[in-house]
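Number of protein chains: 4
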Amino acid sequence: MNSQWGKKFKISVFGESHGDAIGVVIGGLPAGFEPDFTEVRRELQRRAPGQSDNATPRREADEFEILSGMLDGRTTGAPLMALCRNTDVRSRDYERHLPRPGHADLAAAIKYGGFNDYRGGGHFSGRLTAPVVFAGALARQLLRNAHGIEISADIIEIRGERSPDKFDDIISAARMAGDSVGGIIECRVRGAPAGWGEPIFHSVESSVSALLFSIPAVKGVEFGDGFALARRLGSEVSDGITVDNNGEIAFLANHNGGINGGITNGAELVFRAAIKPTPTISIPQKTVDLRTNEPVTHSFTGRHDPCIVPRAVPIVEAVAAIALAQYL
Amino acid sequence: MNSQWGKKFKISVFGESHGDAIGVVIGGLPAGFEPDFTEVRRELQRRAPGQSDNATPRREADEFEILSGMLDGRTTGAPLMALCRNTDVRSRDYERHLPRPGHADLAAAIKYGGFNDYRGGGHFSGRLTAPVVFAGALARQLLRNAHGIEISADIIEIRGERSPDKFDDIISAARMAGDSVGGIIECRVRGAPAGWGEPIFHSVESSVSALLFSIPAVKGVEFGDGFALARRLGSEVSDGITVDNNGEIAFLANHNGGINGGITNGAELVFRAAIKPTPTISIPQKTVDLRTNEPVTHSFTGRHDPCIVPRAVPIVEAVAAIALAQYL
Amino acid sequence: MNSQWGKKFKISVFGESHGDAIGVVIGGLPAGFEPDFTEVRRELQRRAPGQSDNATPRREADEFEILSGMLDGRTTGAPLMALCRNTDVRSRDYERHLPRPGHADLAAAIKYGGFNDYRGGGHFSGRLTAPVVFAGALARQLLRNAHGIEISADIIEIRGERSPDKFDDIISAARMAGDSVGGIIECRVRGAPAGWGEPIFHSVESSVSALLFSIPAVKGVEFGDGFALARRLGSEVSDGITVDNNGEIAFLANHNGGINGGITNGAELVFRAAIKPTPTISIPQKTVDLRTNEPVTHSFTGRHDPCIVPRAVPIVEAVAAIALAQYL
Amino acid sequence: MNSQWGKKFKISVFGESHGDAIGVVIGGLPAGFEPDFTEVRRELQRRAPGQSDNATPRREADEFEILSGMLDGRTTGAPLMALCRNTDVRSRDYERHLPRPGHADLAAAIKYGGFNDYRGGGHFSGRLTAPVVFAGALARQLLRNAHGIEISADIIEIRGERSPDKFDDIISAARMAGDSVGGIIECRVRGAPAGWGEPIFHSVESSVSALLFSIPAVKGVEFGDGFALARRLGSEVSDGITVDNNGEIAFLANHNGGINGGITNGAELVFRAAIKPTPTISIPQKTVDLRTNEPVTHSFTGRHDPCIVPRAVPIVEAVAAIALAQYL
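Residue numbers (my numbering), protein chains in the order written: chain B, 1 to 328; chain V, 1 to 328; chain S, 1 to 328; chain W, 1 to 328.
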C-alpha cells in the first residue's frame, strides 16, 4: 500500500484514525513560495469534525506542524512534511471482529490478513482527508498565484432535496433517527487556461475523477451535464463556439464542463461528486462475528456524522486543486 | 503527451485516425501465455465501425499484426507490439480551421500550437480505442485464466429510454434527423477476489474511473448505486454481511458495487458510464473560422455514428479488464 | 517486462533481434518540432553492424519508418512510433539449449520459464539499442535547439590501451584469435545549464547511470574523476570556484564532472562507461546442455563483433541525450 | 523536488540537516511483518556520526519514532512513517554566501533561486542517509525472511591503500592535515534468486546504480570486475556454466557479478562504489563570495569527517536492500 499521488505536485499521505499521527509529505513545491497558513487553517477548519450539532462530536485540533521544506516562511524546494498528532482517540468504540457494512473493515481484513489497523477505520478513515486538505490548500494557492484560478464547491443536493434551506432539517432528522443521508457536491473552477490535460489516459477527467474517488464515500463523478448528457440529443447540447466582444474565443454553452477530448478548453470546469450516506449508523445492521463466523445484528455506536457531505465540500475543492496543480 | 497507462499490465498507445497506423505496445504480459486471437478479433469486431445501418460507414478491417513479444504462439515476456495500418481514410472530410463543438479540435489546437494532427481528430479520435480493445482482450483472458473472472457490459439506456426494444428506433430517428444520441452502459465483473485495490489514491474506483474517462464521450461514472445512493438513507442501502450455506462470507445487498474503501469485497463489481451524444452532427452548429476569427454556422459532414454507445460496450469491458489486470 | 523509460521524454522500446521488427514509441515530444532525419540516419549508421572488417558481418539497413506522431514533417505532440523491420536474420546460429556464458540466455530462460525468444538474444539483444539511438537522436536535437547542448563520446581505452592508433590492431588480433576485447568510452556534454537534476534519488548521476547500465555490456560507470577520486586527497581535487572575465561564476577544475549533489553546476558533464569484451567468442567455452543437464564445451559461432566498443559510442551519446531531455 | 523512490517498496524521504527533523514514509510493506528494531538501531548506529576520533564530532541520537503503519509490533500494510528530530544543530558553522567547492551549495542556490535551506547542506546533506538506512534495514529483513538473502559491504580501499590495517592511519593523517580522503566500498549479496531484474531500462544494474549514486560522494559504480573487465580478453573473463554436485546449475567464475543481461543469474551479486574525499576540509579553498561576486580563499570549518567511507558502508548495504526489495 503506498498512498502517493501525482507526478509534479506529489503527495504521500500517512497515518491512521486512531494511531499516533497523520500527515503528508509534499514534493514538487516550487522554491520561494510563501504559503498563507491562515488560509490553510481555514480550509482544515471547514473539514474538521465537531463544528455543528449535526457533526460527529469527535474534536480534533487538526493543527499541522511543518517539519521540513520551509525556511523563514518560504518553501525551500525540498519536500514539505506536515504532521498532525492525533488527540481525543477512543478506540474502544471499535471492535475488530464486527465488520461494519459499507465500510472497508471486511475488505481490509481480508487484504491485510487481519493485521490492518482496524481502529476507527485505520488508514481507510476519513480522517486521512485532513492531510489531503492541507496539501490541497497549498495547491490552490499556487493555482491562484499562477493563473488567478478559483475553486469553489457547494452542496447541491442532500437526500435528493435541492433546496439548501432544508438541508439542516434533513440531516437533523437523520441524526435523530440514528440514520444517515448522502448528497451531491458540485465544484466549479474558474480561470484554468485552455490546453491542460492529455488525450486518452491522462485526461483532466481521468485525473480529477481518480482523486475524487479517493475521497471515502464518493460513489459517482460526472463532468458538465454528466449523466444527463446521455439523455439528450446532440443538437440540444452543442457547446457552440463564438467570439466575444474582446475578439476572444468563447462558448455559447458549457454542457461539457470545460473539458473536450480530455483537455481544458478555457471554459469553467464543472463537475459533481455523489456522496453516499455514512454507513455507520446506530440503526442495527446485519454483520458477521468474525470470531465465530455467526451472523449477528449490531448497532454501531462510534461518534459519526449523520451526513458527511458538508465536511466533504473542502475535500472536493482540495482534490480539484491537487489534480490541477499537476499542470502548473 | 504520452499515452501510457498501468504499472504492471502496461500499455502505450500510438497512432492517429487518418495517419498511417494505430497500435499498442503491451508490457507486463507473463511469459508462456497463449492468447486466443479468435476472441481478440471478435472483441475488435464488436467495436469496429461499419457494422450496421446506424453506424459510421467508414470500414476498417482492424486487423492487428503482432510484431514483437511472441514466439510459437506464446508470449515471451517481452513487450508485445500490435500494429494496425489505417485504410479507407478520407481526410478531406475534415477542415482544420473549423473546430467542431464538443470535440477536442479547439483545445488541441491551443495545446499543440496548431501542430496537432487534426484529420479525423488525430490522436484524440475514437479510433484509438481499437488498440485499447486489443489490449483489453488480452487482459480479460489473463483475468479469466487466473481467477475465472468474467466481464460483461450492456447498454441500459439510450437517450433516457430503458427498453432495449426501442434502442434501434431511437438511433435511427437521430440518424435520419442528422442528430445524435447518447446513453448509459453498465458493466458487471464476476469473480474478482476480495482484497484488490488500495486505500485512498489507488482505489479500484480511482483506477477504473480514470480508464473509463479515457474513453472519448464518457462524461459520468458511478459505482454500485452511484448517484442514486446520494438520495437514500443509510439504513436503506446497508450491504448487510452474512454467512452463506457454505459458511462463506456473503452480502445481503450490493449497493456499493463490490467495492468498500476502494478495495474489492468479493461481491460482483458494478459500474456505469454515461456516454454523451456524438458531437459531430449534420445539423448546423455554431463555430468560429480560425482563419478569420469570425463566427460561422457549419454543418459537419464526416462519416460518424449517430450513436456510439453500441460500439463503446466492448471498450468499457476492455478498460475494465485493463484496470483489473493491474492486480494480477 | 516493460521496456519503458522516462517521465517527460518517454520511450517504450519493443522488438527482438530475430523477430519481425524492432521499434520505439516516443512520448513527450513537443509539438511543432521538425526533426533532422538525415542526422538521425547518420547516428543509426554509426551504430549499425557491418561497417568494418572488425564488425559483425550481419547487415541491417536500420531504416526506421515513422507511423505516428508526425504531420507535414513536424511532430504533432502525439506519440511518435518508429518501426524497423528486421532483415538478414539467421536464427539457426542460435541454439536454445546451450546458454552462452556471460549472456542473458540462462537468466532469461529461468526468468521466463523457457518462453523467452532466445534467437539472437531476443529482446536482450544489442539490436534493441537501434531504437534507443533513434530516440536519442531526437533528444539531442531538442537539447541543441533549446540550449545549444552538444554531446560527444569517444573511445579512450581498448583492452587497457590508451593510444587510438593501436585500437584497430588490438581488435583485429582479437578477431583473428576468435576472442574479443572491451574498452572504455568517455562522454562529454557541453552547454547543460546549472540546476538540472534532483537531490538524492533523482540525481543526474542516478539517471544517466541507470540508462548507461541499460546498454548491454556496460559494467562500470563513473562521473568526473570517478574511481580515481577515491584515491586522492580532498585538497587535490577541489573544484575551486571563481569568477571569469565576464563576471560569471566559473570553476578552476572539474574533478566532479559537472555535477554536485546530483545537480548540474554548469561545467562540462564528463562520464565514462566500461564495456566488457563481447561474451560470444569462437574460443570454446564451458556451458551446460539444458536438455541433458550435462556440462559441455562449446564454440559459439554466431556473427558477432570481436569488440562492440566502437558501435557503443553513439549509444552512449544517445542515452546521455535521453537522460538530459527529461530536464527540458 | 520529490525525494521518492521505488515502485513496490516505496520510500519518500524528507528533512534537512539543520531543520526540525528528518524522516521517511515507507509504502509497500507487507502487513503482519514484525521488524527487528534492535537490528534497525544497530544499522543506524553504524552510520551515525560521533563514533570515533576520526569522525565528525556532531552527535545525533538518530532515534526514529514510528508514527504510522504499525500496530502491536507488526506492520499493518499502511504506510510506515519514521521520524527523527534533529538535535545538536549548529547552523552558525555555515554561511550562505560562501559556496563550498565540491558541494551542492552553488548548484542548489541556482536551482532554487536562493531559497534552499543552505544550513549544513539542507536536504542535500549526508544526514538524509539516516532515513535511507532506516528503510534499508527493514528491506534487508524482508529479503532475509523471504529468501535468506544476506548483504554485506566492506571497505576495500582508502586513498588507494588496500590493506585494512592502514586505513585508520591514513584517515588520521588526513584529519590532522585538515584534509580528507576517499575510498572504495565493495558490496556482496548472497542468496538473491536467479531471474530478478528486467532487460534494458530496468536492469538490476540500473536500479542498484541509480540508488548508489543517490548517496552523496559516490562518483563511480561497477559490477563484477567492472572497469577491469574492459581491459581483459573475452576468453579470460568467461563465466563458464557447469553443474554442481547437486545437479544444480553453477558458474565457474563470476566476472559479471551475478548479473547477465540485467537479470540476476543466481551467483553472488558483487558491486563497488567509489567515494570521493569529503569536500569540506579546513585547508583553504577557492570560492566566490556571492554577496560581492568576488573570489575569496576560505577555510571551511564545519564539523566534518575527514573520511566518510566507514559511515557509507551501512548506507551502501541499505540501498542494495532497497533496490532488491523491489523484486520481492
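Glycine included, each C-beta is placed from N, C-alpha and C at the ideal position.
In DSSP terms, what residue i is bridged to
i: ARG159 (chain W); result: Answer is none; ARG159 (chain W) lacks a bridge partner.
i: PRO295 (chain B); result: B:VAL288
i: ALA152 (chain S); result: It is Ser, not Ala, that sits at residue 152 (chain S) in the sequence shown. Paired residues: S:ARG188.
i: ALA274 (chain S); result: S:ILE184, S:GLY220
i: ILE22 (chain B); result: B:GLY15, B:CYS84
i: ASN260 (chain W); result: W:ILE263
i: LEU71 (chain V); result: V:ARG74
i: LEU233 (chain S); result: W:VAL181
i: GLY27 (chain B); result: B:LYS10
i: GLU269 (chain W); result: Per the sequence shown, the amino acid found at residue 269 (chain W) is Leu instead of Glu. Bridge partners of LEU269 (chain W): W:VAL189.
Nearest neighbour of residue i, chosen from the options [CA to CA]
i: GLY220 (chain W); options: S:SER209, S:SER214, S:ALA217; result: S:SER209
i: ALA153 (chain B); options: B:CYS187, B:SER207, B:ASP289; result: B:CYS187
i: ARG119 (chain V); options: V:PHE213, V:PHE37, V:GLY19, V:CYS84; result: V:GLY19
i: ALA194 (chain S); options: S:ILE200, S:VAL204, S:ARG74; result: S:VAL204
i: SER17 (chain W); options: W:ILE249, W:PRO131, W:SER180; result: W:PRO131
i: LEU138 (chain V); options: V:GLY182, V:ASP36, V:PRO295; result: V:ASP36
i: GLY183 (chain V); options: V:ALA274, V:THR76, V:LYS7, V:GLN285; result: V:ALA274
i: THR129 (chain B); options: B:ALA318, B:LEU324, B:TYR327, B:ARG85; result: B:ALA318
i: PHE64 (chain S); options: S:ALA104, S:GLY77, S:GLN4, S:VAL133; result: S:VAL133
i: LEU290 (chain W); options: W:ARG96, W:THR278, W:ILE66; result: W:ARG96
i: SER336 (chain S); options: S:PRO284, S:THR292, S:ARG41, S:VAL296; result: Outside the shown range of chain S, which is 1 to 328, sits residue 336 (chain S), and nothing can be said about it.
i: GLY28 (chain V); options: S:ASN2, S:ARG42, S:GLU43, S:GLU39; result: S:ASN2
i: ILE151 (chain B); options: B:GLY234, B:ARG190, B:ALA48, B:GLY126; result: B:ARG190
i: HIS103 (chain V); options: B:LEU80, B:VAL218, B:SER238; result: B:SER238
Cβ distance (whole Å) where residue i is taken to contact residue j below 8 Å
i: ALA174 (chain B); j: PRO306 (chain B); result: 4 Å
i: ILE158 (chain W); j: ALA312 (chain W); result: Going by Cβ atoms, the distance from ILE158 (chain W) to ALA312 (chain W) rounds to 12 Å, so no, they are not a contact pair.
i: LEU106 (chain W); j: ILE241 (chain S); result: 6 Å
i: PHE223 (chain B); j: ILE259 (chain B); result: 6 Å
i: THR76 (chain S); j: GLY23 (chain V); result: That pair is no contact at about 16 Å.
i: LYS10 (chain S); j: GLN4 (chain V); result: 7 Å
i: LYS276 (chain S); j: ALA230 (chain W); result: 6 Å
i: LEU328 (chain S); j: LEU142 (chain S); result: 6 Å
i: GLU34 (chain W); j: GLY73 (chain W); result: 6 Å
i: ILE156 (chain V); j: ARG162 (chain V); result: 6 Å
Delimiting residues of the beta strand (DSSP E) encompassing residue i
i: ILE281 (chain S); result: Element bounds for ILE281 (chain S): n/a, residue is neither H nor E.
i: THR38 (chain V); result: That residue, THR38 (chain V), is in no beta strand (DSSP E); its alpha helix (DSSP H) goes 37-47.
i: THR129 (chain S); result: Note, THR129 (chain S): premise wrong, no beta strand (DSSP E); alpha helix (DSSP H) at 129-147.
i: SER214 (chain V); result: SER214 (chain V) -> no beta strand (DSSP E), and no H or E assigned at all.
i: ALA250 (chain W); result: 249-251
i: GLU301 (chain B); result: Sequence inspection shows Thr at residue 301 (chain B); the Glu mentioned does not correspond to that position. Neither: THR301 (chain B) is in no beta strand (DSSP E) and is coded neither H nor E.
Endpoints, the alpha helix (DSSP H) within which residue i is located
i: ILE315 (chain V); result: 309-325
i: ILE200 (chain V); result: Premise fails: ILE200 (chain V) is in no alpha helix (DSSP H) and is neither H nor E.
i: ARG175 (chain B); result: 167-176
i: LEU106 (chain S); result: 105-111
Any non-hydrogen atom of the ligand ADP within 7 Å of residue i CB
i: THR301 (chain S); result: Of ligands this structure carries none, so the ligand ADP is not represented either.
**Message:** Which residues of the segment 106-123 of chain W have a Cβ closer than 9 Å to any Cβ of chain B? Give them in chain order.
**Reply:** ALA108, LYS111, TYR112, GLY113, GLY114, PHE115, ASN116, ASP117, TYR118, ARG119, GLY122, HIS123
**Asked** Taking any Cβ of chain B, which residues in the segment 3-19 of chain W have a Cβ under 8 Å from it, in chain order?
**Response** SER3, GLN4, LYS10, SER12, VAL13, PHE14, GLY15, GLU16, GLY19
**Message:** Beta carbons nearer than 8 Å to chain S: which residues of the segment 133-145 of chain W have them?
**Reply:** none
**Prompt:** When Cβ atoms are compared, which residues of the segment 228-258 of chain V fall closer than 7 Å to chain B?
**Reply:** LEU229, ALA230, ARG231, ARG232, LEU233, GLY234, SER235, VAL237, SER238, ASP239, GLY240, ILE241, THR242, VAL243, GLY247, ILE249, LEU252, ASN256
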